[in-house]
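Undergrad: Numbering (this note's numbering), first residue to last: 54 to 642.
Glycine residues also receive a C-beta, built at the ideal position from the N, C-alpha and C atoms.
Just so you know, these numbers come straight off a predicted model, no measurement behind them.
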RNA sequence: CGGGGUAUGGCGCAGCUUGGUAGCGCGUCCGCUUUGGGAGCGGAAGGCCCCCGGUUCGAAUCCGGGUACCCCGACCA
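#1: Three or more beta-carbon pairs under 8 angstroms between the region 451–459 and the region 323–330, yes or no?
#2: Go ahead and pull the three-state DSSP assignment for residue 152.
#3: How would you label residue 335, buried or exposed, when you count the other beta carbons within 10 angstroms and need 16 or more for buried?
#4: Is it true that the CB of residue 442 sits closer than 9 angstroms to the CB of residue 310?
#5: Would you check if the region 189–197 and the region 226–242 touch, i.e. whether three or more CB-CB distances between them fall below 8 angstroms?
#6: For residue 237, which option in 439, 570 and 111 has the closest C-alpha, if you only look at C-alpha atoms?
#7: Which residue from 202, 219 and 128 puts its Cα closest to that of residue 173?
#8: On the CB-based measure, 16 or more other CB atoms within 10 Å of its CB, does residue 152 come out buried or exposed?
#9: With a threshold of 16 other CB atoms inside 10 Å of the CB of residue 524, please say whether the residue is buried or exposed.
#10: My guess is that residue 104 and residue 205 are in contact by the Cβ rule of under 8 angstroms, so how many angstroms apart are they, rounded?
#11: How long is the line joining the alpha carbons of residue 256 and residue 177, rounded to whole angstroms?
#12: With a floor of 3 residues, list each beta strand (DSSP E) that falls wholly inside the region 271–357, ordered by position along the chain.
#13: So is residue 100 buried or exposed if we call it buried at 16+ other beta carbons inside 10 Å?
#14: Going by Cα to Cα distance, which pick from 530, 582, 547 and 187 is closest to residue 559?
#15: Look up residue 629 in the DSSP assignment and say whether it is helix, strand or coil.
#16: Have a look at residue 54 and residue 576 and give me their C-alpha separation to the nearest angstrom.
#17: If you reduce the DSSP assignment to three classes, tell me which class residue 475 lands in.
#18: Have a look at residue 258 and residue 511 and give me their C-alpha separation to the nearest angstrom.
#19: With distances taken Cα to Cα, identify the nearest neighbour of residue 282 among 533, 470, 398 and 591.
#20: With DSSP collapsed to three states, give me the class of residue 255.
#21: Taking the runs of the beta strand (DSSP E) that are 3 residues or longer, which of them lie wholly in the region 521–582?
#22: For the alpha helix (DSSP H) containing residue 105, name the first residue and the last one.
#23: For residue 447 and residue 513, I'd like the C-alpha separation in whole angstroms.
#24: So does the region 298–305 actually touch the region 495–507, counting three or more Cβ pairs closer than 8 angstroms?
#25: For residue 78, name the three-state secondary structure that DSSP assigns.
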């Protein structure tokens, strides 16, 4: 393939676009790879589409290589299947809905679990047909509340989605593992710097879920990693190491004290140190207090119920973690009206005494895992201006269970090895789920097993953001001059710059380009006449082909210049050997 | 859905405080010169100044109301 700058449909921008901040967005627009068509909707220009197709090709090769079969569903879908699984309403405003001329509801697919499940149900009915893994590469539509960062979060985007179908859990485990391996190969080929983190399966149901996160500051997902071992988890899925219970034989009895004007943890700690100093001389801190945070859960059917989370006073409730823990319910703040409806709760002085399904308030009470039996706390006495000291978990109060809802902080203990966790950000480039039987149940996907009994199929769901991966690749490979494509996704192998006014220079460049093309190398030839060398060099750096070849003033001494875009290394090569040399450079990686 | 910011030629911006014929750089087109780091000179095209209303002799500018976009948060298989 030979592309000519003289005729290429391309306009590079000299300055950064004002409405783009993250590097991938800024550079893809500036270098003329994409243009915004509408909020969160982008058009691909020739160079961008070449990159996109390369990424898609790699994804497809790895899927096919793993033995998965490609199918293709429509993006325009009927309402009924989504009604059957409840997602017509569950998806809410995020679903692009439309009506046909007869007023029949349709939608633009946000994901295709229903369609895949129904297709398999249509055709297959025996355990002998399974396992099966099929996939598609398809445009998806989600009416995001806030699209951002160019290709990273669009309302239209391309996703590769696969689904596995197995008769039993062991089969699902194998299908999941195959996808996991295929994803590792895919992202390695794309040159991404990623981690695999444990994730919550959340509302999707199922037992196991992992995300592939490209590590970068501009990512939207927060995850934690352990310094010591390989543990990594999405912040929603981090588990707290549970301390051993402590014997309470020697602990003093609980005693309520007057602590007027202490509705917050700060005021409480200050008052405690002033009026009730500890016997051992150490000062009270927020972590000695037990904070009881009440929220309202909104269930999918609209029912509202209060929930109280008890956690050490030095930590806040992380709403995302709490929501992940109580999914599919959503979490809302507990407001004044809610307090009025629950007179047992004394705002600012809530204690375990009234909490729990069997206690005065009847409110379900869940504890942070750190609050193990034998730990002693200062907490609300359920009377205005009073707190209880030396209230011991297990001895003086119990709860309805535990919940992972406390914020995760840098330095927290690793649940795997006890080391220290630290947080980082990432772009979700892939996600693999063990869905289980949620969709098969809802849509009635069953097969006959060996004994002739109907069994519900168990499924996995696996996604790669293909258009997002283009942006993710950029995030790993750019510098202050512009893009630096990895060879496998670059629009062309070589950017061949002809600079000078002597016709013999252009003739030499043409010959070299033809030789390279004949050898199977893709070439972007800058054959623009009357364009200064500086402009051509800047464009070559901005556009980011992995190898830049300059045919110019060196020709007088019989050499051309070969530069590596990423390292900046350059060497001079005799014209006669140039083609062979460049072929070797390109093939080396 | 909350908070902040912005809206002026293809791109990046000034002008607005204090109302008076819309400006700069880049890009584009023509001519000449130039050709190894976003060239020089001369000429040219291109603008409902986001929209609607108000004040005024006169509004890009002042006032009121919208809308859109960007960023942060909430949300996000």
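TA: In this structure, then:
#1: Flag = no, the region 451–459 and the region 323–330 do not touch.
#2: Shown here, residue 152 sits in a strand according to DSSP, grouped into three states.
#3: When all chains shown are included, residue 335 counts as exposed.
#4: It is a contact, given that the beta carbons lie within the stated cut-off.
#5: No: the two stretches stay apart, fewer than three of their Cβ pairs being nearer than 8 angstroms.
#6: Of 439, 570 and 111, the residue nearest in Cα terms is 111.
#7: Of 202, 219 and 128, the residue nearest in Cα terms is 219.
#8: Exposed, since its Cβ has fewer than 16 Cβ neighbours within 10 Å.
#9: Buried, by the Cβ-count rule.
#10: The Cβ separation is near 15 angstroms, so there is no contact.
#11: Residue placement at residue 256 cannot be trusted, given a pLDDT of 42 that sits under 50; what the coordinates show is reported in the next sentence. In a straight line, the C-alpha of residue 256 is about 27 angstroms away from that of residue 177.
#12: The region 271–357 contains these whole beta strand (DSSP E) runs: 274–279, 285–287, 308–311 and 343–351.
#13: By the neighbour-count rule (16 or more Cβ atoms within 10 Å), residue 100 is buried.
#14: Cα-wise, what sits closest to residue 559 is 582.
#15: Helix at residue 629.
#16: Using only the alpha carbons, I get a separation of about 6 angstroms.
#17: Residue state, collapsed to three classes: strand.
#18: Here the model assigns residue 258 a pLDDT of 45, short of 50, so the residue's position is not dependable, and the following value carries that caveat. The straight-line gap from Cα to Cα measures roughly 12 angstroms.
#19: Its Cα nearest to that of residue 282, the residue 470 stands out among 533, 470, 398 and 591.
#20: In this prediction, residue 255 has a pLDDT of 45, which is less than 50 and means its spatial position is unreliable; what the coordinates show is noted afterwards. In this structure, DSSP gives residue 255 a helical state, which the three-state scheme calls helix.
#21: Runs of the beta strand (DSSP E) inside the region 521–582: 547–551 and 576–579.
#22: Here the alpha helix (DSSP H) through residue 105 covers 99–118.
#23: Distance from the CA of residue 447 to the CA of residue 513, rounded to the nearest whole angstrom, comes to 41 angstroms.
#24: With a cut-off of 8 angstroms, the region 495–507 and the region 298–305 do not count as touching, because too few Cβ pairs lie within range.
#25: It is helical.
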